[in-house]
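As you go down the protein sequences, you meet chains A and B in turn. For the first sequence, our numbering assigns the number 4 to the initial residue and increments by one for each residue that follows. For the second sequence, our numbering assigns the number 4 to the initial residue and increments by one for each residue that follows. Glycine residues also receive a C-beta, built at the ideal position from the N, C-alpha and C atoms.
There are 2 protein chains.
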Amino acid sequence: MKNHSELLRESGLKATIQRLSILEILQGTGHSTIDDIYVTVREKHASISLATVYKNIEMLLEKGVLAEVPLAGRKSKYEIKKHDHIHLICQVCGSVEDETMDAIPQEQLTRIAQKDDFILSQSQINLYGICRNCRQ
Amino acid sequence: MKNHSELLRESGLKATIQRLSILEILQGTGHSTIDDIYVTVREKHASISLATVYKNIEMLLEKGVLAEVPLAGRKSKYEIKKHDHIHLICQVCGSVEDETMDAIPQEQLTRIAQKDDFILSQSQINLYGICRNCRQ
DNA sequence: TTAAATGCAAAAAATTTGCAGACGT
DNA sequence: ACGTCTGCAAATTTTTTGCATTTAA
Numbered sequence: 004m005k006n007h008s009e010l011l012r013e014s015g016l017k018a019t020i021q022r023l024s025i026l027e028i029l030q031g032t033g034h035s036t037i038d039d040i041y042v043t044v045r046e047k048h049a050s051i052s053l054a055t056v057y058k059n060i061e062m063l064l065e066k067g068v069l070a071e072v073p074l075a076g077r078k079s080k081y082e083i084k085k086h087d088h089i090h091l092i093c094q095v096c097g098s099v100e101d102e103t104m105d106a107i108p109q110e111q112l113t114r115i116a117q118k119d120d121f122i123l124s125q126s127q128i129n130l131y132g133i134c135r136n137c138r139q
Numbered sequence: 004m005k006n007h008s009e010l011l012r013e014s015g016l017k018a019t020i021q022r023l024s025i026l027e028i029l030q031g032t033g034h035s036t037i038d039d040i041y042v043t044v045r046e047k048h049a050s051i052s053l054a055t056v057y058k059n060i061e062m063l064l065e066k067g068v069l070a071e072v073p074l075a076g077r078k079s080k081y082e083i084k085k086h087d088h089i090h091l092i093c094q095v096c097g098s099v100e101d102e103t104m105d106a107i108p109q110e111q112l113t114r115i116a117q118k119d120d121f122i123l124s125q126s127q128i129n130l131y132g133i134c135r136n137c138r139q
């Protein structure tokens with residue numbers, strides 16, 4: 004597992020405390036909204052500005068360090084980009100869990116896209132329902 | 004194909020001109036953002052308010068008449084709810100096309116969700132890439 | 001040293017709310 | 001006629017921008 008400073012520098016970005024904090028938080032939670040991140044970073048670095056969080060998320064998305072997870076009926080969450088996977092999204096609490104794509108091979112998706120002459124670059128599979136905790 | 008007035012009444016909603024227009028537009032385009040809808044309804048019913056579009060989209064989502072299609076890096080689009088299908092999302096122009104889920108059986112997704120004790124209620128498969136038109 | 005990044009405050013954009021009047025049933 | 005829905009204007013929330021100052025390399 005690559006450390007965050009390296010990851011940032013490889014992407015042509017300075018390894019600031021703010022950016023490292025954002026990555027640590029995302030590493031910890033897996034998926035967070037902008038506000039989640041802002042509130043949490045604040046606990047350590049009280050002076051961080053919300054504008055800085057916005058600017059950094061945007062920059063990290065552009066550089067491909069993060070991926071956006073857009074959610075129906077909620078604000079988007081963000082995650083550190085990794086190989087394709089499936090999201091299990093709880094409609095009650097909004098939690099997001101990951102599952103492997105093992106059961107759904109990439110070629111299968113590529114083939115579907117080809118039917119429409121569509122060049123596939125990225126897949127998002129989101130399964131909405133109720134998580135273990137919320138069904139009590 | 005059920006007509007829109009019926010559809011609305013069955014959902015316990017009055018069939019207003021505004022709502023019928025919204026449904027017609029979505030029927031025509033397949034997928035539209037709030038602003039797309041607002042601008043287009045306006046051409047016929049110049050007096051419609053943006054607030055009315057917001058309120059109606061929310062109401063129609065609640066009643067299950069519409070579904071939200073949340074998109075990475077863009078505003079959500081909305082569609083008339085139909086059986087599960089795959090979205091091909093163009094990263095250049097933002098267009099959304101539908102494809103059938105034939106190749107990916109429901110049970111397969113249900114099984115993936117079960118691994119996490121997750122009760123599946125709805126699936127969204129979004130394939131991002133470049134559409135036929137945009138790769139010219 | 002110096003280009004890039006931060007934090008602030010202000011601006012802009014997006015969404016929500018409350019309510020008087022209009023409309024569908 | 002009645003309760004729902006609309007349109008407006010105002011309020012709120014979210015996101016973006018510009019710029020002076022700070023900071024990583």
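Given that a residue counts as buried once 16 or more other Cβ atoms are within 10 Å of its Cβ, and exposed if not, what is residue i?
i                     : result
residue 82 (chain B)  : buried
residue 59 (chain A)  : buried
residue 110 (chain B) : exposed
residue 9 (chain B)   : exposed
residue 80 (chain A)  : buried
residue 15 (chain B)  : exposed
residue 13 (chain A)  : exposed
residue 128 (chain B) : buried
residue 134 (chain A) : buried
residue 107 (chain A) : buried
Tell me which residue opens and which closes the beta strand (DSSP E) that residue i is part of.
i                     : result
residue 21 (chain B)  : Taken as a continuous stretch (DSSP letters only), residue 21 (chain B) belongs to no beta strand (DSSP E), being part of the alpha helix (DSSP H) at 20 to 32.
residue 133 (chain B) : 122 to 133
I need the boundaries of the alpha helix (DSSP H) containing residue i, first residue and last residue.
i                     : result
residue 58 (chain B)  : 53 to 65
residue 35 (chain A)  : First-last for residue 35 (chain A): undefined, no H or E at that position.
residue 8 (chain A)   : 7 to 13
residue 103 (chain B) : Run containing residue 103 (chain B): none; DSSP gives neither H nor E here.
Is it true that the CB of residue j sits closer than 7 Å to the CB of residue i?
i                     : j                     : result
residue 3 (chain B)   : residue 99 (chain B)  : Shown here, chain B extends from 4 to 139; a query on residue 3 (chain B) therefore has no answer.
residue 84 (chain B)  : residue 74 (chain B)  : no
residue 102 (chain A) : residue 115 (chain B) : yes
residue 130 (chain A) : residue 126 (chain B) : yes
residue 78 (chain B)  : residue 36 (chain B)  : yes
residue 76 (chain A)  : residue 121 (chain B) : no
residue 119 (chain A) : residue 104 (chain A) : no
Count Cβ pairs between the stretch 13 to 30 of chain B and the stretch 39 to 53 of chain B that sit closer than 8 Å; are there 3 or more? yes
At least three beta-carbon pairs within less than 8 Å, the stretch 51 to 65 of chain B to the stretch 90 to 98 of chain B: no
Restricting to runs no shorter than 3 residues, where is the beta strand (DSSP E) found entirely within the stretch 61 to 98 of chain A? 69 to 72, 80 to 83 and 89 to 93
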